[in-house]
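>
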Amino acid sequence: MKNKHRLFIKMAELVAEQSTCLRLQVGAVLVKDNRVISIGFNGTPTGQLHCEENFRHVYEKKYKDQFPTYEEFLASREFYDLHGKWSIENELHAEQNAISFAAKNGIATQGADVYVTWSPCVHCAKVIVSAGIKKVFYKNTYDRSQEGIFFLEKNGIECRQLTEEDIACVC
161 MKNKHRLFIK MAELVAEQST CLRLQVGAVL VKDNRVISIG FNGTPTGQLH
211 CEENFRHVYE KKYKDQFPTY EEFLASREFY DLHGKWSIEN ELHAEQNAIS
261 FAAKNGIATQ GADVYVTWSP CVHCAKVIVS AGIKKVFYKN TYDRSQEGIF
311 FLEKNGIECR QLTEEDIACV C
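Residues in the sequence shown are numbered consecutively from 161, following the working numbering.
1) Beta carbon of Phe-215, beta carbon of Gln-178: below 8 Å?
2) Tell me, please, whether the segment 277-294 touches the segment 225-244 by the rule of three or more beta-carbon pairs shorter than 8 Å.
3) According to DSSP, is Phe-201 helix, strand or coil?
4) Using only alpha-carbon positions, find the residue among Arg-237, Ile-259, Thr-229 that is nearest to Lys-192.
5) Can the beta-carbon of Glu-255 be found less than 8 Å from the beta-carbon of Cys-211?
6) Which one of Val-218, Ile-169, Gln-208 has the shortest CA to CA distance from Tyr-240?
7) Are the beta-carbon atoms of Ile-288 and Val-296 separated by less than 8 Å?
8) Across which residues does DSSP place Tyr-275 in a beta bridge pair?
9) Rank Cys-181, Glu-238, Ser-305 by C-alpha distance to the C-alpha of Cys-284 and give the top, closest one.
10) Where does Glu-318 sit, in a helix, a strand or coil, going by DSSP?
11) Using the Cα positions of Ile-169 and Lys-224, report the straight-line distance between them to the nearest angstrom.
12) Can you list, in chain order, the residues of its chain with a C-beta nearer than 6 Å to that of His-253? Leave out the 5 residues immediately preceding and following it.
13) Does Arg-195 come out as helix, strand or coil in the three-state DSSP assignment?
14) So Ile-327 is in the alpha helix (DSSP H); what residue range does that whole segment cover?
15) Who pairs with Leu-184 in a beta bridge, going by DSSP?
16) Pick helix, strand or coil for Leu-174, following the three-state DSSP scheme.
17) List in chain order: all unbroken alpha helix (DSSP H) runs of 4+ residues lying wholly within the segment 213-246.
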């Protein structure tokens, strides 16, 4: 394999594009023996109202008079605060989705690696440790906290932020 880091992080980026979250789109790819065993992106459980659908409705019902455009609402502190609360109550993270899919389908994650577009939060870190994942590769550092990385490393999980050099094309 020419450059597995490039392949798997690019796959995670493509998976992230499937997210309907308005704030941050995250993708995760679980890999074992250089083969993809599961993927996940952040969003609501199947059949539930998506982030974009929810906040379009919230805007139309409560904020249309305060913000002339939907885009201005999405850029506001009000949206940021509302989204944070709503996300905690309604959305699954990419890592949780990938690990849950594997579990639901009888796919062993023990000894696997995970490639994620953003460093894991502490809640996902706990699930990663419990799933027996041995390495976490991520492209971007999550801006709110690095507790997830600290928790993973404290529990013996190798974590590595991929650089542009790591994912450069080897043609």
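Heads up, the beta-carbon is just placed ideally off N, CA and C, and yes, glycines get one too.
Everything numeric in this text was worked out from a predicted model, so none of it was measured.
Answer, in terms of the structure:
1) Looking up residue 215 in the sequence shown gives position 55. Looking up residue 178 in the sequence shown gives position 18. For Phe-215 and Gln-178, no; Cβs fall outside 8 Å.
2) no
3) The sequence position of residue 201 within the sequence shown is 41, counting from 1. The answer is strand: DSSP assigns Phe-201 an E or B state.
4) The residue you call residue 192 lines up with position 32 of the sequence shown. For Lys-192, the nearest C-alpha among the options comes from Ile-259.
5) Walking along the sequence shown from the start, residue 255 turns up at place 95. Walking along the sequence shown from the start, residue 211 turns up at place 51. No, the pair does not count as a contact, with Cβ atoms beyond the cut-off.
6) As a first step, residue 240 is located in the sequence shown; it is residue number 80 there, counting from the start. If we check each option's Cα against that of Tyr-240, Val-218 comes out closest.
7) Walking along the sequence shown from the start, residue 288 turns up at place 128. Walking along the sequence shown from the start, residue 296 turns up at place 136. Yes.
8) As a working mapping, residue 275 is identified with position 115 in the sequence shown. DSSP, once it has assigned bridges, lists Val-189, Phe-297 as partnering Tyr-275.
9) As a working mapping, residue 284 is identified with position 124 in the sequence shown. Per the Cα distances, Ser-305.
10) Translated into positions along the sequence shown, residue 318 becomes position 158. In the structure shown, Glu-318 sits in a strand (DSSP, three-state: E or B).
11) For the purposes of this step, residue 169 is taken as residue 9 along the sequence shown, with counting starting at 1. For the purposes of this step, residue 224 is taken as residue 64 along the sequence shown, with counting starting at 1. Roughly 38 Å between the two C-alpha positions.
12) In the sequence shown, the residue the question calls residue 253 occupies position 93. Within the same chain, His-253 has close Cβ partners Asn-202, Cys-284.
13) In the sequence shown, the residue the question calls residue 195 occupies position 35. Arg-195: strand per DSSP, three-state reduction.
14) Taking the sequence shown and counting its residues from 1, the one referred to as residue 327 is at position 167. Per DSSP, Ile-327 belongs to no alpha helix (DSSP H) and is neither H nor E.
15) For the purposes of this step, residue 184 is identified with residue 24 of the sequence shown, where counting begins at 1. Leu-184 pairs with nothing; no bridge assigned.
16) In the sequence shown, the residue the question calls residue 174 occupies position 14. Looking at Leu-174 - three-state DSSP - the assignment turns out to be helix.
17) 230-234
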